[in-house]
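Here's the structure we're looking at; comments come further down.
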Amino acid sequence: ASRLLDPPAVTGIERFGPGTVTLGITTRTRPGDLDATAGELRRRVQAAFARDNVPTVPMPMAPPTTL
13 ASRLLDPPAV TGIERFGPGT VTLGITTRTR PGDLDATAGE LRRRVQAAFA RDNVPTVPMP
73 MAPPTTL
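Residue numbers (the working numbering): 13 to 79.
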């Protein structure tokens, strides 16, 4: 059974940042499925960008820190 109760809807661009664009996406999920659904939606958006050759900017890795 699908975790989604409604199809995802892109609400638009929420903000631009240095090397980032934040898209708004809304949907309804079954109770307890929000985190898993959000992760799956992110993976699918990333795969669609790669498939459609949408350029993305790799973010630099933070240097390791010691405590």
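For each residue, glycine too, the CB sits at the ideal point set by N, CA and C. All values derive from a computational prediction rather than experimental measurement.
Measure the alpha-carbon distance for residue i versus residue j and round it to whole angstroms.
i	j	result
leucine 35	threonine 68	14 Å
threonine 39	arginine 15	10 Å
alanine 62	arginine 56	10 Å
glycine 51	threonine 78	29 Å
valine 66	glutamate 26	18 Å
Between the beta-carbon of residue i and the beta-carbon of residue j, is there less than 8 Å?
i	j	result
alanine 59	isoleucine 37	no
leucine 17	threonine 32	no
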